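A.B. asks:
Residue numbers (our numbering), protein chains in the order written: chain A, 1 to 113; chain B, 1001 to 1114.
(1) With contact counted as at least three CB pairs below 8 Å, one residue from each stretch, are the stretch 81-99 of chain A and the stretch 11-25 of chain A in contact?
(2) Would you tell me roughly how many angstroms separate the C-alpha atoms of residue 1108 (chain B) and residue 1006 (chain B), rounded to the nearest one?
(3) Would you mind telling me which residues of chain A sit closer than 7 Å to residue 1094 (chain B), beta carbon to beta carbon, in chain order?
(4) Measure from the alpha carbon of residue 9 (chain A) to the alpha carbon of each residue in A:94, A:66, A:100, A:89, then state which is nearest.
(5) Answer yes or no: does any C-beta atom of chain D fall closer than 9 Å to that of residue 106 (chain A)?
(6) Give the interface partners of residue 1042 (chain B) over in chain A, defined as CB-CB distance under 7 Å, in chain order.
(7) Is DSSP giving residue 83 (chain A) helix, strand or coil here?
(8) On the premise that residue 1104 (chain B) lies in contact with residue 42 (chain A), defined as a C-beta separation below 8 Å, what is that separation, rounded to the nearest angstrom?
(9) Do we get a CB-CB distance below 9 Å when we pair residue 1089 (chain B) with the residues of chain A?
(10) Classify residue 1106 (chain B) as helix, strand or coil using the three-state DSSP reduction.
(11) Quick check on the DSSP output: the beta strand (DSSP E) that includes residue 1067 (chain B) runs from which residue to which?
(12) As a quick exercise: from B:1020, B:1101, B:1037, B:1095, pick the residue whose alpha carbon is nearest that of residue 1075 (chain B).
(13) Determine, using beta carbons only, whether residue 1104 (chain B) comes closer than 9 Å to chain A.
(14) To the nearest angstrom, report how far apart residue 29 (chain A) and residue 74 (chain A) are at their CA atoms.
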């Protein structure tokens, strides 16, 4: 069974631009969570989607948003990029019956210049 | 709020030596607990998990961890380190109920010396 896939793997953007990252969960997984990983703050929860609905949201500004499609694929969007948004963005998916057991993709490395 | 503390941001061991990575959680209600490993330029791989039942859990690659409620700990061990174990390890917790958010420790970088 294929794992969680994330595209693109690497991205370079300029301050003020916006970016969209994509995540395809493991087949049969309907919950998708997003995390931001930085050297300073570590791994921080962004938000979680299940059946196209956002169920949980972390403590991030409104510039960070996401959505989930009917096939469980998810996207996250960051608008008006800041230098501090440079990070590894990780997506994780889980089964409906085991939402606590999350499987991670390889991440998208975003660099903001 | 849930918090996870990993003692030691960097642990160095010799090949063949015992690996011990420490993790403590803060919660009045025992959460579900996890260890993940991250190799350079990769995502997180689930090593093992504790949900309910047996307090000693075995994971992949010869790792195991013991849940100790009285000590609020979930330390990760491996009897004999291998060069391929060099990576960063993260302890994480998730509360029960409707909270699907993983709370991570800061991570421990494991170095294995030949």
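Note that CB positions come from ideal geometry on N, CA and C, so glycine has one too.
None of the values given here were measured: they were computed from a predicted structure.
C.D. replies: Concretely, from the data shown:
(1) yes
(2) Here residue 1108 (chain B) refers to the residue found at position 108 of the second chain. Here residue 1006 (chain B) refers to the residue found at position 6 of the second chain. Looking at the two C-alpha atoms, the distance is approximately 7 Å.
(3) Within the second chain, residue 1094 (chain B) is the residue found at index 94, counting from 1. 100, listed in chain order.
(4) In the first chain, the residue the question calls residue 9 (chain A) occupies position 9. Of the listed residues, the one whose Cα sits closest to residue 9 (chain A) is A:89.
(5) The chain labelled as chain D is not found among the protein chains of the depicted structure, namely A and B.
(6) Taking the first residue of the second chain as position 1, residue 1042 (chain B) is located at position 42. Simply 106.
(7) Looking up residue 83 (chain A) in the first chain gives position 83. Three-state result, residue 83 (chain A): helix.
(8) Here residue 42 (chain A) is taken as the residue at index 42 of the first chain, counted from 1. Here residue 1104 (chain B) is taken as the residue at index 104 of the second chain, counted from 1. Going by Cβ atoms, the distance from residue 42 (chain A) to residue 1104 (chain B) rounds to 6 Å, so yes, they are a contact pair.
(9) Counted from its first residue, the second chain places residue 1089 (chain B) at position 89. No - not a single Cβ of chain A is within 9 Å of the one on residue 1089 (chain B).
(10) Along the second chain, read from residue 1 onward, the residue named residue 1106 (chain B) stands at position 106. DSSP places residue 1106 (chain B) in coil when its eight states are reduced to three.
(11) Start at 1 with the first residue of the second chain, and residue 1067 (chain B) comes out as number 67. Taken as a continuous stretch (DSSP letters only), the beta strand (DSSP E) holding residue 1067 (chain B) covers 1064-1068.
(12) On the second chain, residue 1075 (chain B) is found 75 positions in, with the first residue counted as 1. Answer by Cα proximity: B:1020.
(13) In the second chain, counting from the first residue as 1, residue 1104 (chain B) sits at position 104. So yes, residue 1104 (chain B) belongs to the interface.
(14) Mapped onto the first chain, residue 29 (chain A) falls at position 29. Mapped onto the first chain, residue 74 (chain A) falls at position 74. Using only the alpha carbons, I get a separation of about 12 Å.
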